[in-house]
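Chemist:
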Amino acid sequence: MTLEPVLSKSFPIPAEDVFDISDAFLEAAHALFLQRKNNVLTEIEQQDLINAEITLRTEADRYRAQGITLLEESSAQQIESINTQISYAKATIEKVGNIKHAIDIAAALVTLSAALASGQPSQIQHAGQSLQNLVNL
Amino acid sequence: MKINTRPAHVSLVLLSMVGLQGCVSNLAAVRTFATDTQTLTSTISQTIDDEPKSCMRRLYRDRTIQTDQEDIILKGKKACDDLQNAAKIPQSLNTVMTEYAKTLSALADNQFATYSGELNQIRGALTQVKDGDTLLFKSTDIQASISISNLILQASTEAYRQREIKHLLEKHDDLVKVANTLKQYLNRSYLIALRSERDSIESQLLTLEQKWLKKESVRARELIEDLKLSLETVEKKKQAAQTTVIAIDAMIASHEKLKAALDHLDHSTLLQSMIEYGGIVSSLRNQLKTVSN
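Set out below in structure tokens:
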């Protein structure tokens, strides 16, 4: 993650607080909108308020992005724990898959053996190809 | 060469082994949970993707309606990029839940602990093997051997499966923590992004009415219509995100039930208790179908 931090790293702050700061910027942006809506202003004054409103929303975005990055730390240990268990389970799934694959290969070997005994070139070729395909899987 | 007739006591020993290990479980409740969770995480992934998009939609409309100051727009774009980068974090949390559900689903698959298909291939092959014109193996002997092989393999695989499912379900507390962090993301970031988008649309509507209706009335009216449709879309997305939070709670509750039933996962009432969760996920999927970006 290469986000330019909004807050200094020497000033650790929980994600919830960073989200609160973001909310406060949005509230301020909305207050500017209401100011524009409820008052008679010159065009220049209106534009100044619009620009300030957009800027405050951008600040809210920046703090929210920072808050999201802080979520990672809060669950890092749990993620590692679940991932470890998933990898164990996947090893078992692979083991079972290998057994099924071995049975398929055994069946292909027997088919090849029967084809060889039959002496039919087309059967032999077909059986050999099937076996090769399984071994290459 | 012929396969020797199987001594009766060998069959009895093998069958009693199978009996000790238990038959193949019906893990419909686990499968249902895993399938619904994969659907849920797929919708969460779309939701996470939408946050930086929401930022860009807002900015694009601001550029069209609100301001022509490039520095303000460029700073806004940089913040949207920050959100895009930050989205990798909730996505990685969501990926953990997806992988968890996929693994659970693979373990609970009906075909996981059965080898009938593969063994039937062998049976078929063996019945073709001839010595001259004579079949080498008796069909009845082959059938008996294959059946016993199937039972033994099922029993051993079933033990593996039960063990891995149990270990996965025992990760309940870790899963809850990850799920709650995703809820925190949805509540504190995504829903707030939608609020910002909604507020900005209201601001843009005001600008169109105060400034542009007098100067470019036709174009302004078109934009007003578009913005009203966008407001409806944002509202639908908000409702879908709120349903997602409810669905995560239902997922946690369902997982807790599965964990509590570790020793009788094939109990029929367990499947029934997954229905509420499935209903919420289904409702969420339908809500998202009505939302277009």
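Sequence lines, in order, name chains A and B.
The first sequence begins at 12 in my numbering and counts up one residue at a time.
The second sequence begins at 2 in my numbering and counts up one residue at a time.
For each residue, glycine too, the CB sits at the ideal point set by N, CA and C.
Note that this is a predicted model, so its numbers are computed, not measured.
1. Taking any Cβ of chain A, which residues in the region 156 to 184 of chain B have a Cβ under 7 Å from it, in chain order?
2. Is it right to say ASP37 (chain B) is buried, meaning 16 or more other beta carbons lie within 10 angstroms of its own, or is it exposed?
3. Quick check on the DSSP output: the alpha helix (DSSP H) that includes VAL235 (chain B) runs from which residue to which?
4. Residues of chain B with a CB under 7 Å from the CB of ASN50 (chain A): which are they?
5. Is there a Cβ from chain B that is less than 8 Å from the Cβ of THR13 (chain A)?
6. Do you know whose CA, among B:LEU285, B:GLN85, B:LEU224 and B:ARG196, lies nearest THR208 (chain B)'s CA?
7. Nearest to GLN58 (chain A) by CA position, among A:ARG47, A:LEU37 and A:ASP115, is which residue?
8. Please find out if some non-hydrogen atom of the ligand NAD comes closer than 7 Å to the beta-carbon of GLU171 (chain B).
9. Which first and last residues belong to the alpha helix (DSSP H) in which THR115 (chain B) is found?
10. Are the C-beta atoms of ASP250 (chain B) and some chain A residue less than 8 Å apart?
11. Using 10 angstroms around the beta-carbon of GLN77 (chain A), count the other beta-carbons present and answer buried if the total reaches 16, otherwise exposed.
12. In chain B, which residues lie less than 8 Å from HIS41 (chain A) when you measure between Cβ atoms?
13. From THR80 (chain A) to ALA109 (chain B), what distance separates their C-alpha atoms?
14. Quick one: is VAL97 (chain B) buried, meaning 16 or more other Cβ sit within 10 Å of its Cβ, or exposed?
15. Can you list the residues of chain B that GLY78 (chain A) reaches, using a CB-CB cut of under 7 Å?
16. Residue range of the alpha helix (DSSP H) that SER190 (chain B) falls in?
17. So if I threshold CB-CB distances at 9 Å, which residues from the region 59 to 71 of chain A count as touching chain B?
18. Could you say which of B:LEU94, B:ARG222, B:GLN155 and B:ARG220 lies nearest to THR115 (chain B) if we only look at CA atoms?
19. With H, G and I counted as helix, E and B as strand and the rest as coil, what does DSSP make of PRO23 (chain A)?
20. Since LYS172 (chain B) is in the alpha helix (DSSP H), which residue starts that stretch and which ends it?
Modeler: So, to answer that:
1. Taking 7 Å as the Cβ-Cβ cut-off against chain A, the residues of the region 156 to 184 of chain B that qualify are THR158, TYR161, GLU165, HIS168, LEU169, LYS172, ASP175, LEU176, LYS178, VAL179 and THR182.
2. By the neighbour-count rule (16 or more Cβ atoms within 10 Å), ASP37 (chain B) is buried.
3. 218 to 261
4. Neighbours of ASN50 (chain A) on chain B: none; closest Cβ ~11 Å, over 7 Å.
5. Note that THR13 (chain A) scores 46 on pLDDT, short of 50, meaning its location in the model is unreliable; the coordinates nonetheless yield the value given after this. It does; some Cβ of chain B falls within 8 Å.
6. B:LEU224
7. Across the set A:ARG47, A:LEU37 and A:ASP115, the C-alpha of A:ARG47 shows the shortest separation from the C-alpha of GLN58 (chain A).
8. Here there are no bound small molecules, and the ligand NAD is not part of this structure.
9. Unbroken run through THR115 (chain B): none, as it is neither H nor E.
10. no
11. buried
12. ASP200
13. 35 Å
14. buried
15. The contacting residues are ARG189 and SER190.
16. No alpha helix (DSSP H) holds SER190 (chain B); DSSP gives it neither H nor E.
17. ILE61, ASN62, GLU64, ILE65, THR66, ARG68, THR69, GLU70 and ALA71
18. B:GLN155
19. Secondary structure of PRO23 (chain A) (DSSP, three-state): coil.
20. Unbroken run through LYS172 (chain B): none, as it is neither H nor E.
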